[in-house]
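Asks:
Number of protein chains: 2
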Amino acid sequence: MSGKTNAVSVLDRRATRRAASRAEIVEAAWLLVREQGLAGLSMRDLGDRVGMRAQSVYSYFDSKDDIYDAMFRQGYEEQLAWMADDEGAAGGSEDPATRLRVMAHRFFAFCTSDPVRYQLLFQRTIPGFEPSSASYAVALAALEQMHAGFARAGITDPDAADLATAVLTGLTSQQIANDPGGMRWERLVDRAGTMLLREVAPHLLAKTRKPTTRVRRTP
Amino acid sequence: MSGKTNAVSVLDRRATRRAASRAEIVEAAWLLVREQGLAGLSMRDLGDRVGMRAQSVYSYFDSKDDIYDAMFRQGYEEQLAWMADDEGAAGGSEDPATRLRVMAHRFFAFCTSDPVRYQLLFQRTIPGFEPSSASYAVALAALEQMHAGFARAGITDPDAADLATAVLTGLTSQQIANDPGGMRWERLVDRAGTMLLREVAPHLLAKTRKPTTRVRRTP
DNA sequence: CTATCTTCCTGACTATGTCAGGTAAAACGA
DNA sequence: TCGTTTTACCTGACATAGTCAGGAAGATAG
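If you're matching them up, the sequences are chains A and B in order. Residues in the first sequence are numbered from 1 upward in steps of one, following my numbering. Residues in the second sequence are numbered from 220 upward in steps of one, following my numbering.
Written out as structure tokens, the structure reads:
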């Protein structure tokens, strides 16, 4: 028994350290892209940031795109975690309109809290970069999660969901592009949610009271 | 008189040829970015495309960013031209709802007809690139033109205009990112226009008949 | 025609992504 | 503990990319 335990824990030590180094590199990459822009990431800067040569980073990642891929995956995992609390934040309320507003605010907060992450997840900034199938699967999971959230708010029709994603991404992209760090479009989130519901499910809007919809900024 | 005419026309010949070469370079840049992505533009490829060495391009433009700047300016000039016909296309109709729909379709068509242009005009794809004041002035003119178009459709409140820009850019960015060349979000443009007007100027929607809103794809 | 300006060239430099080969350290197994 | 294997880093190098410097040839002006 004790011999077996030893072998398992030692194999795990290597894997654990390697995974930690990879995570450290990805974290350093996030810091750098926030300073220099997504396409401004350089392998030499990245290596310097974690205390090794650029070429050494290649013993952890196959290519620069591989690093973007890890970041892409992590970004969508963060979205999944961030948006997973939308039921709790609504205080268990069954009111669809409130659900939608809470969800809209959460999504808005997620996107605007890290514009470069938004860029990587939702725009095609890096020529030639395509997410791996594993990372893309996480993106699809996040999209399904969004649709599930819409459905809980009474939006089940595919066209309605498309309209919803357009409105949400429009608000966030305008905020990020034209008023970074500000509130110009944030102030319109509730109104946009109401507008949307009135269009796609007006019956859900009847006699609805608007509660406070401030949500936390951290997942 | 004739001596004066001669001097003017000869100076003009040089300026004319230089301007033509610059335009040729910018046009080649558009072709290349459509093939390789906005950030994938290389000066060597660009020089090859117009029949000169990369270094020679620097006798026409100060830097790569200077070329992006010329493209940025041209892109917004194209938007100004494209959106200038929105009154004519509505057939002189005074109906605000129709105006808004026509305008929405025009903007949508402009953006989706050249995704890489959309990227340069509306996203921050190139790290460090900032438009010159001259080019930015054209962008501001295009924005004012949009606001004038909204006003003609009955949308005059700043918040309402912000909501409108969010909806329009949301539709186009979703179309470009998720269904390039398709119609998934294009099918929703009319509906989105109606939704918007119902929210910001519901009185303008009373008894409104929905005419055909197909617009031309070229300015 | 001469002088000036413009348009291109070659050569070169620094920065960047990435490959190849190798050494020292860490981990593993007996 | 020791020998072996694996891993984690290094240096050196290559091709490509943005851009500067100097210069020759062609176009233009007087």
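We put the beta carbon where it would ideally sit given N, CA and C, even for glycine. These figures come from a predicted structure and were not determined experimentally.
(1) Just mark B/GLU349 as buried or exposed, buried being the case when its beta carbon has 16 or more other beta carbons within 10 Å.
(2) Comparing alpha-carbon positions, which option in B/GLN338, B/THR235, B/ASP314 and B/THR331 lies nearest B/PRO399?
(3) In terms of alpha-carbon separation, which member of A/PRO96, A/ASP66, A/MET103 and A/ARG99 lies closest to A/MET83?
(4) Below 8 angstroms on the Cβ atoms is my guess for B/LEU319 versus B/ALA372; work out the distance and round it to an integer in Å.
(5) Buried or exposed: A/GLY128, going by 16 or more other Cβ atoms within 10 Å of its Cβ?
(6) Under three-state DSSP, which class holds A/MET183?
(7) For a contact defined as C-beta to C-beta under 7 angstroms, what are the partners of A/ASP159 on chain B?
(8) Provide the residue span of the alpha helix (DSSP H) that contains B/ALA383, from first to last.
(9) Using the beta-carbon count (16 or more within 10 Å), is B/ASP231 buried or exposed?
(10) Mind listing which residues of the segment 60–72 of chain A have their C-beta closer than 8 angstroms to chain B's C-betas, in chain order?
(11) Pick from B/LEU251, B/MET365, B/ARG263 and B/PRO334: whose alpha carbon is nearest that of B/GLY401?
(12) A/ASP48 versus chain B: which residues are under 9 angstroms apart at the beta carbon?
(13) Taking 7 angstroms as the threshold (beta carbon to beta carbon), is B/GLN255 in contact with chain A?
(14) How about A/MET222: is its C-beta nearer than 7 angstroms to some C-beta of chain B?
(15) Counting contacts by CB-CB distance shorter than 7 angstroms, is A/ALA39 in contact with chain B?
(16) If we call anything under 7 angstroms between Cβ atoms a contact, is B/MET290 one with B/ALA248?
(17) Identify each residue in the segment 386–403 of chain B for which the Cβ-Cβ distance to at least one residue of chain A is less than 8 angstroms, and report them in chain order.
(18) Would you say A/ALA164 and A/ILE155 are within 7 angstroms of each other, going by their C-beta atoms?
(19) I'd like to know whether the C-beta of A/THR165 is nearer than 7 angstroms to at least one C-beta of chain B.
(20) Find the residues of chain A that neighbour B/GLY439, judging by a C-beta separation of less than 9 angstroms, and give them in chain order.
(21) Can you give me the C-alpha to C-alpha distance between B/LEU423 and B/THR413, rounded to a whole angstrom?
(22) Please list, in chain order, all residues of the same chain as B/GLY266 whose beta carbon is under 8 angstroms from its beta carbon, the five residues on each side excluded.
(23) Quick check: is the beta carbon of A/GLU144 nearer than 7 angstroms to any beta carbon in chain B?
(24) Put A/THR98 into one of helix, strand or coil per three-state DSSP.
(25) Counting only beta-carbon separations shorter than 7 angstroms, does B/GLN342 have a partner in chain A?
(26) Just checking my contact of A/ALA139 with A/TYR68 at CB under 8 angstroms: how many whole Å lie between their CB atoms?
(27) Could you give the first and the last residue of the continuous alpha helix (DSSP H) run that contains B/SER275?
(28) Nearest to B/ALA420 by CA position, among B/ALA316, B/GLU405 and B/ARG236, is which residue?
(29) Can you tell which of B/GLN255, B/ILE395 and B/ASP376 has the C-alpha that lies nearest to the C-alpha of A/LEU188?
(30) Nearest by alpha-carbon distance to A/LEU168: which of A/HIS105, A/ARG124 and A/GLU144 is it?
(31) Assuming A/PRO115 is part of the alpha helix (DSSP H), what are its boundary residues?
(32) Which of helix, strand or coil does DSSP assign to A/ILE224?
(33) Is the CB of B/GLU418 under 7 angstroms away from at least one CB in chain A?
(34) So A/HIS24 and A/VAL50 are supposed to be a Cβ contact under 8 angstroms. How far apart are they, rounded?
(35) Less than 7 angstroms between the C-beta atoms of B/THR344 and B/ALA258, yes or no?
Replies: This is what the structure holds:
(1) For the purposes of this step, residue 349 of chain B is identified with residue 130 of the second sequence, where counting begins at 1. It is exposed - the Cβ of B/GLU349 has fewer than 16 other Cβ atoms within 10 Å.
(2) Within the second sequence, numbered from 1, the residue matching residue 399 of chain B stands at position 180. Of the listed residues, the one whose Cα sits closest to B/PRO399 is B/THR331.
(3) By 1-based counting over the first sequence, the position of residue 83 of chain A is 83. Per the Cα distances, A/MET103.
(4) Residue mapping note: residue 319 of chain B aligns to position 100 of the second sequence, counting from 1. Residue mapping note: residue 372 of chain B aligns to position 153 of the second sequence, counting from 1. About 4 angstroms; that satisfies the 8 angstroms criterion.
(5) Within the first sequence, residue 128 of chain A is the residue found at index 128, counting from 1. Under this definition A/GLY128 is an exposed residue.
(6) Numbered from its first residue, the first sequence carries residue 183 of chain A at position 183. In this structure, A/MET183 counts as coil in the three-state DSSP scheme.
(7) For the purposes of this step, residue 159 of chain A is taken as residue 159 along the first sequence, with counting starting at 1. Those within 7 angstroms of A/ASP159 in chain B are LEU407.
(8) The residue given as residue 383 of chain B occupies position 164 in the second sequence. Element bounds for B/ALA383: 377–397.
(9) Position 12 of the second sequence holds residue 231 of chain B. So B/ASP231 counts as exposed.
(10) none
(11) Residue mapping note: residue 401 of chain B aligns to position 182 of the second sequence, counting from 1. Taking only the C-alpha atoms, the option nearest B/GLY401 is B/PRO334.
(12) One-based indexing of the first sequence puts residue 48 of chain A at position 48. Chain B residues near A/ASP48: none, gap ~18 angstroms exceeds 9 angstroms.
(13) Here residue 255 of chain B is taken as the residue at index 36 of the second sequence, counted from 1. Interface residue, yes.
(14) Limits of chain A in this structure are 1 at one end and 219 at the other, which puts residue 222 of chain A out of reach.
(15) The residue given as residue 39 of chain A occupies position 39 in the first sequence. So yes, A/ALA39 belongs to the interface.
(16) Counting from one through the second sequence, the residue named residue 290 of chain B turns up at place 71. Counting from one through the second sequence, the residue named residue 248 of chain B turns up at place 29. Yes; because the gap between Cβ atoms is below 7 angstroms, this pair is in contact.
(17) VAL386, LEU387, THR388, GLY389, LEU390, SER392, GLN393, ALA396 and ARG403
(18) As a position in the first sequence, residue 164 of chain A is number 164, starting the count at 1. As a position in the first sequence, residue 155 of chain A is number 155, starting the count at 1. A contact, by the Cβ cut-off of 7 angstroms.
(19) Walking along the first sequence from the start, residue 165 of chain A turns up at place 165. Yes, its Cβ sits closer than 7 angstroms to a Cβ of chain B.
(20) Past the edges of chain B, shown from 220 to 438, lies residue 439 of chain B, and the structure says nothing about it.
(21) In the second sequence, counting from the first residue as 1, residue 423 of chain B sits at position 204. In the second sequence, counting from the first residue as 1, residue 413 of chain B sits at position 194. When rounded, the distance between both Cα atoms is 10 angstroms.
(22) Taking the first residue of the second sequence as position 1, residue 266 of chain B is located at position 47. The answer, listed in chain order, is ARG272, ALA273, GLN274, SER275 and VAL276.
(23) Stepping through the first sequence from its first residue, residue 144 of chain A is reached at position 144. No, because no Cβ of chain B sits closer than 7 angstroms to the Cβ of A/GLU144.
(24) Your numbering for residue 98 of chain A matches position 98 in the first sequence. Here A/THR98 sits in helix by DSSP.
(25) One-based indexing of the second sequence puts residue 342 of chain B at position 123. It does: the Cβ of B/GLN342 has a partner Cβ on chain A nearer than 7 angstroms.
(26) Taking the first sequence and counting its residues from 1, the one referred to as residue 139 of chain A is at position 139. Taking the first sequence and counting its residues from 1, the one referred to as residue 68 of chain A is at position 68. With a Cβ gap of about 13 angstroms, A/ALA139 and A/TYR68 do not count as contacting.
(27) In the second sequence, counting from the first residue as 1, residue 275 of chain B sits at position 56. Segment 273–276, the alpha helix (DSSP H) holding B/SER275.
(28) Along the second sequence, one-based indexing puts residue 420 of chain B at 201. Per the Cα distances, B/ALA316.
(29) Position 188 of the first sequence, counting from 1, holds the residue named residue 188 of chain A. Out of B/GLN255, B/ILE395 and B/ASP376, B/ASP376 has the C-alpha closest to the C-alpha of A/LEU188.
(30) Within the first sequence, residue 168 of chain A is the residue found at index 168, counting from 1. Nearest option by C-alpha distance: A/HIS105.
(31) Within the first sequence, residue 115 of chain A is the residue found at index 115, counting from 1. First-last of the alpha helix (DSSP H) with A/PRO115: 115–122.
(32) Residue 224 of chain A cannot be examined here, being either before or after the span of chain A that is shown, 1 to 219.
(33) Along the second sequence, one-based indexing puts residue 418 of chain B at 199. So, interface residue.
(34) For the purposes of this step, residue 24 of chain A is identified with residue 24 of the first sequence, where counting begins at 1. For the purposes of this step, residue 50 of chain A is identified with residue 50 of the first sequence, where counting begins at 1. Looking at the sequence shown, residue 24 of chain A is not His but Glu. With a Cβ gap of about 6 angstroms, A/GLU24 and A/VAL50 count as contacting.
(35) Start at 1 with the first residue of the second sequence, and residue 344 of chain B comes out as number 125. Start at 1 with the first residue of the second sequence, and residue 258 of chain B comes out as number 39. Their beta carbons are under 7 angstroms apart, which means B/THR344 touches B/ALA258 by this criterion.
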